[in-house]
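Report on one structure; see the data block that follows.
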Amino acid sequence: MKFDKKPLFLITIIYLSFISLGLPDGLLGVAWPSIRGDMGLPLESVGVLTTLLLCMSALSSILSGWVLRRLGTGTVTFLSCLMTGLGLLGYSLSPGFGWLILCTVPLGFGQGAVDSGLNRYVADHYSSRHMNWLHCFWGMGASIGPVIMSQAVTSGRTWRGGYRTVSAMQLTLAAILLVSVLIKLWQDRPVKAEGESNEARPKARVFGKFAPSLAVFLFFIYAGMEFTIGVWLNSVLVESRALPVAIAGLCVTLYYGAIMVGRFLCGIVVNRMGNMRMIRLGLVLAVAGGLVLWFVPASWGAMVGISMIGVGIGPVYPCLMHETPARFDKATSDKLIGYQVGAACLGGSLLASGLGVFLSHITLELFFPVVVVLLGVNFFINELLERKAKAQTEDAELPAAQ
């Protein structure tokens with residue numbers, strides 16, 4: 000059962016929480032040259048921080064189901080935001096690289112837990128419109144963070160000032176979240192059907208069955224594809240297609256902007272069209288954009304193609320996430336969402352780095368067919384998952400019908 004009529008205060012807090020989730024994502028990339036210069040660190044040291052951040056986010060996402068059942072979404076979101084704010088504050092006060100490593104642990108744990116927790120809460124309590132707009136707000140935060148850091152660095156407040164600013168924003172939100180918990184705004188379960196009780200809750204199996212395992216793998220592949228495009232697009236357009244640096248940079252901006260536009264537009268129509276139709280239409284549009292990007296080497300081809308890809312894949316992640324409770328029983332979906340977020344974290348790192356090594360040793364021009372193939376693989380896996388999930392649900396209902 001979905002709930003769209005919620006207190007305005009709560010839905011505002013949820014949107015603000017996802018803006019805050021996106022804020023730290025682009026900080027390190029902008030701040031690293033200054034951090035490296037101040038601390039005398041080698042260039043590759045940033046890989047230690049990003050890898051640790053990824054591992055902590057994935058771990059907290061996987062564990063989130065257990066924690067959320069015991070503390071509730073509101074409390075977990077408050078604690079996660081508090082950890083993130085303190086981690087960012089620790090960055091701003093760091094005397095050396097070891098301190099940065101230490102502060103990355105709560106930063107990663109906080110980001111992973113709030114990501115999976117809010118995804119689960121919105122999937123349970125709100126329509127797909129809010130899920131799409133939620134992820135649109137994440138993109139807004141991810142765009143604002145680098146601007147804050149760039150302004151801090153160029154205005155003389157240094158990278159430490161940028162981290163202090165974002166930390167203050169996170170801690171302010173944590174205080175608001177604490178108020179929301181104290182006045183009991185959060186409802187951690189949909190209204191139960193008559194006769195249903197928490198004591199009768201079945202044990203969830205994620206990796207013991209094909210459909211849940213396939214759902215986790217789909218998020219690994221999708222996030223890996225989305226992140227790979229964002230990471231490698233600029234280099235491929237400049238080095239393989241010989242496009243001007245300014246045009247290549249514009250294409251990357253168009254890509255992330257188009258993802259936000261796709262999610263916003265999807266939020267307007269998805270309640271009427273449904274998650275599956277939006278996923279299918281989006282991936283078909285993205286494949287068409289991939290073909291334009293591949294076969295039209297001119298600047299306009301790159302801009303049009305990547306915009307089509309961005310708009311097309313924009314709704315995929317939030318619609319897949321929102322479809323999870325519809326595909327699986329409550330116990331499985333609660334646990335599965337955390338695994339899906341964790342798989343997305345791992346896929347974003349492992350697939351992007353693996354394909355980068357592969358392309359650099361063969362030819363960067365293979366980037367374009369690889370993108371088209373990955374988009375097609377996402378479409379195929381989603382269709383297979385839909386059939387397997389339906390078959391699994393029908394099999395589970397047979398004994399009850401008999």
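The sequence shown runs contiguously to residue 401 in numbering that gives the first Met the number 0.
Quick reminder that beta carbons are idealized off the backbone N, C-alpha and C, glycines included.
As the structure is a computational prediction, the values presented were derived from the model and not from experiment.
- Nearest neighbour of TRP98 by Cα position, chosen from GLY86, MET82, GLY109, turns out to be GLY86.
- Take GLY266, set aside five residues on each side of it, and the residues of its chain with a beta-carbon closer than 6 angstroms to its own are ARG128, ASN131, TRP132, in chain order.
- ARG128 sits in a helix when the DSSP states are folded into three classes.
- In the three-state scheme derived from DSSP, where H, G and I count as helix and E and B as strand, ARG119 is classed as helix.
- In this structure, ALA141 sits away from CYS80, with a CB-CB distance that is not shorter than 8 angstroms.
- With respect to the C-alpha of GLY341, the residue from ILE380, THR153, ALA112 having the closest C-alpha is ALA112.
- Contact between LEU242 and ILE305 is ruled out by a C-beta separation of about 11 angstroms, above the 8 angstroms threshold.
- When Cβ pairs closer than 8 angstroms are counted between the two stretches, the segment 325-335 is seen to touch the segment 61-77, the count reaching three or more.
- DSSP, read as helix, strand or coil, puts TRP31 in helix.
- Under the criterion of beta carbons closer than 8 angstroms, ILE308 and ILE228 qualify as touching, at roughly 7 angstroms.
- Look at LYS329 here: in three-state DSSP terms it is helix.
- Approximately 26 angstroms separates the beta-carbon atoms of ILE61 and GLY313; this is outside 8 angstroms, ruling out the contact.
- Shown here, ILE13 sits in a helix according to DSSP, grouped into three states.
- Take GLN169, set aside five residues on each side of it, and the residues of its chain with a beta-carbon closer than 7 angstroms to its own are SER19, CYS80, THR83, GLY84, LEU87, in chain order.
- With 16 or more other Cβ atoms inside 10 Å of its own Cβ, GLY261 counts as buried.
- In the DSSP assignment, TRP299 falls within the unbroken alpha helix (DSSP H) covering 298-312.
- By the Cβ neighbour-count rule, SER16 is buried, with 16 or more other Cβ atoms within 10 Å of its own.
- Residue state for ILE147 is assigned as helix, using DSSP reduced to three classes.
- Secondary structure note for TRP158: its alpha helix (DSSP H) is the uninterrupted segment 157-181.
- Below 8 angstroms, enough C-beta pairs join the segment 89-97 and the segment 148-166 to call them touching: three or more.
- Excluding sequence positions up to five before and after LEU48, its CB lies within less than 8 angstroms of the CB of LEU27, LEU99, ILE100, THR103, all in the same chain and listed in chain order.
- If you draw a straight line from the Cα of LEU217 to the Cα of THR171, it is about 36 angstroms long.
- The beta carbon of PRO32 sits closer than 8 angstroms to no other beta carbon from its chain once the five residues preceding and following it are set aside.
- Put simply, of ASP328, VAL376, GLY311, VAL146 the residue whose alpha carbon is nearest the alpha carbon of ASP24 is VAL146.
- Between the alpha carbons of ARG386 and ALA214 lies a gap of roughly 12 angstroms.
- About 34 angstroms separates the CB atoms of GLY116 and MET38; that is not less than 8 angstroms, and the two are not in contact.
- Rounded to the nearest whole angstrom, the C-alpha separation of TYR221 and ASP114 is 17 angstroms.
- As the crow flies, the alpha-carbon of PHE327 is around 24 angstroms from that of VAL75.
- Here GLY21 is buried: its Cβ has 16 or more other Cβ atoms, across all protein chains shown, within 10 Å.
- Contact check for GLY248 and LEU374: beta-carbon distance about 23 angstroms, past the 8 angstroms limit, so the pair fails to qualify.
- The C-alpha of TRP231 lies about 11 angstroms from the C-alpha of GLU364.
- Collapsing the DSSP output to three states places LEU363 in a helix.
- The beta carbon of LEU51 sits closer than 8 angstroms to the beta carbons of ILE100, THR103, VAL104, GLY107 from its chain, once the five residues preceding and following it are set aside; these are given in chain order.
- Residue environment for TRP299: exposed (fewer than 16 other C-beta atoms within 10 angstroms of its C-beta).
- With the rule of 3 Cβ pairs closer than 8 angstroms, the segment 268-281 does not count as touching the segment 344-359.
- In the DSSP annotation of this structure, the continuous segment of the alpha helix (DSSP H) that includes PRO211 starts and ends at 209-238.
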